[in-house]
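Some notes on the structure that comes next.
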Amino acid sequence: MLDNLQQMVVLATVAHEQHFTRAAEYLGISKSQVSKQIRYLEERLGVQLVQRNTRSVALTEAGEQYAAFGRQIVETMQDAEAMVAGFRNEVSGRLKVGVAQSFGNAQITKLLSAFQTQFPALELEIHLFDHRPNLVEDGFDCWLAIHEAPPEGMVARKLGDCQFKLVASPSYLEAHGSPKHPSDLREHNCITYQSVQRTYDQWPFKRDGSEQSVTVRGSYRINNAPAVLEATKSGVGIAYIATYLLDSEIENGELTILMKDWKPTLKLPVYAVYPRREYLAPKVRHFVDFLSENIRVI
Numbered sequence: 185m186l187d188n189l190q191q192m193v194v195l196a197t198v199a200h201e202q203h204f205t206r207a208a209e210y211l212g213i214s215k216s217q218v219s220k221q222i223r224y225l226e227e228r229l230g231v232q233l234v235q236r237n238t239r240s241v242a243l244t245e246a247g248e249q250y251a252a253f254g255r256q257i258v259e260t261m262q263d264a265e266a267m268v269a270g271f272r273n274e275v276s277g278r279l280k281v282g283v284a285q286s287f288g289n290a291q292i293t294k295l296l297s298a299f300q301t302q303f304p305a306l307e308l309e310i311h312l313f314d315h316r317p318n319l320v321e322d323g324f325d326c327w328l329a330i331h332e333a334p335p336e337g338m339v340a341r342k343l344g345d346c347q348f349k350l351v352a353s354p355s356y357l358e359a360h361g362s363p364k365h366p367s368d369l370r371e372h373n374c375i376t377y378q379s380v381q382r383t384y385d386q387w388p389f390k391r392d393g394s395e396q397s398v399t400v401r402g403s404y405r406i407n408n409a410p411a412v413l414e415a416t417k418s419g420v421g422i423a424y425i426a427t428y429l430l431d432s433e434i435e436n437g438e439l440t441i442l443m444k445d446w447k448p449t450l451k452l453p454v455y456a457v458y459p460r461r462e463y464l465a466p467k468v469r470h471f472v473d474f475l476s477e478n479i480r481v482i
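Residues in the sequence shown are numbered from 185 upward in steps of one, following my numbering.
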């Protein structure tokens, strides 16, 4: 029975990692031992579970379905250990976190050393990306998302709201003038953020209770928020930029805030998202608490 359970866990890990070496590293055993366990499992069941090639592995239909049961065993074990760790308030093991790329670079990575100093027994694994992950399938303990709609079926703890400023460089304003009203932006080269999942070319503003949204256009569309900032600093055009990206650019004169009587009203919520579990591991709870106390999103 114990050998059977071990084989199921090994297959579930191979299915998740899609690679024998990575599965071995995660499990803390040798690659050859992973291969042996899979082979013993296939011989015992009398069916092929894994299709092998030189670079990666893929599961057969039977392998996928069998691995799903193994994943349930792993998740049950994780819940059990989280429950016991909760009694001891133990913060250890590996914490795998996904972070929105630009927000991670600007806000999160510089906080990690302080967090790890508090919890030296914890191993941090940070992934920066801008797509929407499947937390359970991808094995993430937590995802820091800047998103209007966090995924259903997950716990989403709001950490704050990203706010925005309308800015341009002095060189751009000298060459093209400064807009006075949101409608004036239609006559300017506006730098917009555009990715596979979203495009921000609708810029909302508010003044004295009056709201106005303008559709902007320009010759520069970028799928990376820090690149929007750099293009704005270089004088390409006007940008509607998240304040978490701004450091000292306003103070040192690299950028100028425009239309100060019209306040940008777009707010993007920042969430810490994690799988809904009966027992939340202390490492996740402490990480989310730490972020809620330390990140600056306004």
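Idealized CB from N, CA, C, for every residue including glycine.
Span of the beta strand (DSSP E) around residue i
i           : result
residue 470 : First-last for residue 470: 466-478, but that is the alpha helix (DSSP H), not the beta strand (DSSP E).
residue 459 : 452-459
residue 290 : Unbroken run through residue 290: none, as it is neither H nor E.
residue 328 : 326-330
residue 351 : 348-352
residue 210 : No beta strand (DSSP E) holds residue 210; the alpha helix (DSSP H) holding it covers 204-211.
residue 279 : 277-284
residue 404 : Element bounds for residue 404: n/a, residue is neither H nor E.
Distance, residue j Cα to residue i Cα
i           : j           : result
residue 214 : residue 191 : 14 Å
residue 475 : residue 383 : 27 Å
residue 433 : residue 351 : 10 Å
residue 465 : residue 276 : 10 Å
residue 377 : residue 362 : 21 Å
residue 302 : residue 310 : 17 Å
residue 258 : residue 207 : 14 Å
residue 256 : residue 295 : 33 Å
residue 395 : residue 289 : 32 Å
residue 407 : residue 430 : 18 Å
residue 379 : residue 195 : 35 Å
residue 212 : residue 317 : 25 Å
residue 446 : residue 297 : 39 Å
With 16 other Cβ atoms within 10 Å as the buried cut-off, status of residue i
i           : result
residue 197 : buried
residue 423 : buried
residue 389 : buried
residue 254 : buried
residue 186 : exposed
residue 200 : buried
residue 313 : exposed
residue 444 : exposed
Residue(s) in a DSSP beta bridge with residue i
i           : result
residue 255 : Residue 255 is not bridged to any residue.
residue 387 : 398
residue 303 : BP columns for residue 303 are empty, so no partner.
residue 378 : 383
residue 235 : 242
Where the alpha helix (DSSP H) through residue i begins and ends
i           : result
residue 322 : 319-322
residue 222 : 215-229
residue 417 : 409-417
Next item on the list: Spell out a yes or no on whether the region 273-285 and the region 317-333 are touching, meaning 3 or more CB-CB pairs, one atom from each, closer than 8 Å.
Entry: For the pair of segments examined, the region 273-285 was found to touch the region 317-333: the number of CB pairs separated by less than 8 Å reaches three.
Margin query: Taking 8 Å as the cut-off, does the region 366-376 touch the region 243-257 (at least 3 CB pairs, one atom from each stretch)?
Written below: Short answer: they don't touch.
Checklist line | Contact the region 339-351 vs the region 454-463: 3+ CB pairs below 8 Å | finding: A contact exists between the region 339-351 and the region 454-463.
Notebook entry, point to check: How about the region 425-443 and the region 303-310: do they share at least three Cβ pairs that are nearer than 8 Å?
Noted result: No, because fewer than three Cβ pairs between the region 425-443 and the region 303-310 fall closer than 8 Å, the two stretches do not touch.
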